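The next block holds one structure in the form of structure tokens; read it before the comments.
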Ligand code: NDP
Ligand code: 8X3
């Protein structure tokens, strides 16, 4: 039986790579994002029978619900929800951060994610499906300028564990995937379009790739149905941990 994945944020980075990975294995994919041209390109590349593009701003609950209401019949049986759409905005310490950046991260990474999850849960329960929530190492390890971004990802990780608990006995699997540095459009978005800052961050670092993350999501989603990866943290070898900082008089 052909399975169906709903992958948010499929116009770029992890989500686009995941859409290709699942379609390559014969899944149907509902691909979402705001950039309709990129979704159309994905449909053109992978085929309209395999990919349904749904363009909407995930912060707009009415648009989200309308897009789900309008799914073609063959895409309605969602077996896997990949909550991937998300972003960081800004790198300033809290005392210099923009409040609208913080609000955008909360609206996208938290409010939209729980809204979509709540909507899709009945179908996932009916089909004994799975959820993969994309969190971050920033959920666990604080760094200067990570403030609200890290807070939103800590929410995603803890919400995922809570979902596991609530869904006990339903057969629905829930995983939080917590990647470290991976080269996508993430830093370009975070810096409000500063390509040189993005290039400088990844230069010489051998960051993870979107394909690395897509392969991991696919592995998680296709494990035997009696196995659940609760949380999985991954980094490039070039990245590790720094110590505490001490301010001195
Ligand atoms: P990208 O910027 O390449 O992709 C982000 C995706 O999210 C895009 O498809 C974008 O679509 C979508 N998105 C963002 N805001 C909205 C919105 N308001 N409505 C609809 N879609 C939206 O970044 P990544 O692929 O790296 O990021 C994917 C996830 O992985 C994010 O949750 C991020 O926090 C997380 N992550 C990234 C890491 C990294 O180092 N790259 C590490 C750990 C976690 P569009 O702009 O078309 O709307
Ligand atoms: C993205 C990883 O380290 O830029 O979630 O916060 S990091």
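Residue numbers (my numbering): 2 to 250. For every residue, glycine included, the Cβ atom is placed at its ideal position computed from N, Cα and C. Treat the numbers as computed from the prediction; the structure is a model and nothing was measured.
Under a three-way DSSP split, which group does residue 126 fall into?
On the chain shown, position 125 is the one that residue 126 refers to. Residue 126: helix per DSSP, three-state reduction.
Three-state secondary structure (DSSP) of residue 209:
Within the chain shown, the letter at position 208 stands for residue 209. DSSP, read as helix, strand or coil, puts residue 209 in strand.
Measuring only the C-alpha atoms, how far is residue 92 from residue 147?
Start at 1 with the first residue of the chain shown, and residue 92 comes out as number 91. Start at 1 with the first residue of the chain shown, and residue 147 comes out as number 146. C-alpha separation (whole angstroms): 7 angstroms.
From which residue to which residue does the beta strand (DSSP E) around residue 232 run?
Position 231 of the chain shown, counted from the first residue, corresponds to residue 232. Where residue 232 is concerned, the enclosing beta strand (DSSP E) stretches over 232-235.
Pairwise C-alpha distance: residue 224 and residue 34
In the chain shown, counting from the first residue as 1, residue 34 sits at position 33. In the chain shown, counting from the first residue as 1, residue 224 sits at position 223. Spanning the alpha carbons of residue 34 and residue 224 requires a straight line of approximately 27 angstroms.
Simplified DSSP assignment, three categories, for residue 165:
Here the question's residue 165 lines up with position 164 in the chain shown. Helix.
By how many angstroms is the C-alpha of residue 9 removed from the C-alpha of residue 102?
Within the chain shown, residue 102 is the residue found at index 101, counting from 1. Within the chain shown, residue 9 is the residue found at index 8, counting from 1. When only Cα atoms are considered, residue 102 and residue 9 end up about 20 angstroms apart.
Go to residue 188, then tell me how far its alpha helix (DSSP H) extends in each direction, as first and last residue.
Along the chain shown, read from residue 1 onward, the residue named residue 188 stands at position 187. Start and end: 187-191.
Measuring straight from C-alpha to C-alpha, what distance separates residue 73 and residue 31?
Residue mapping note: residue 73 aligns to position 72 of the chain shown, counting from 1. Residue mapping note: residue 31 aligns to position 30 of the chain shown, counting from 1. Approximately 10 angstroms, taken between the alpha carbons.
Using DSSP bridges, identify the partner residues of residue 5.
Mapped onto the chain shown, residue 5 falls at position 4. According to DSSP, which records beta bridges pairwise, residue 5 is partnered with 29.
With a Cβ-Cβ cutoff of 7 angstroms, do residue 136 and residue 177 count as a contact?
In the chain shown, residue 136 corresponds to position 135, counting from 1. In the chain shown, residue 177 corresponds to position 176, counting from 1. Contact: yes.
Cutting at 6 angstroms between CB atoms, please list the residues of its own chain near residue 80, excluding the five before and the five after it.
For the purposes of this step, residue 80 is taken as the residue at position 79 of the chain shown. By the criterion of a C-beta distance shorter than 6 angstroms, residue 80 is surrounded in its chain by 4, 5, 128 and 130, once the five residues flanking it on both sides are discounted.
For residue 152, which of 90, 77 and 219 has the nearest alpha-carbon?
Reading the chain shown from its first residue, position 151 is the one you call residue 152. Considering only 90, 77 and 219, the residue with the shortest C-alpha distance to residue 152 is 90.
Measure the alpha-carbon distance for residue 54 versus residue 78 and round it to whole angstroms.
Translated into the one-based positions of the chain shown, residue 54 becomes position 53. Translated into the one-based positions of the chain shown, residue 78 becomes position 77. When only Cα atoms are considered, residue 54 and residue 78 end up about 16 angstroms apart.
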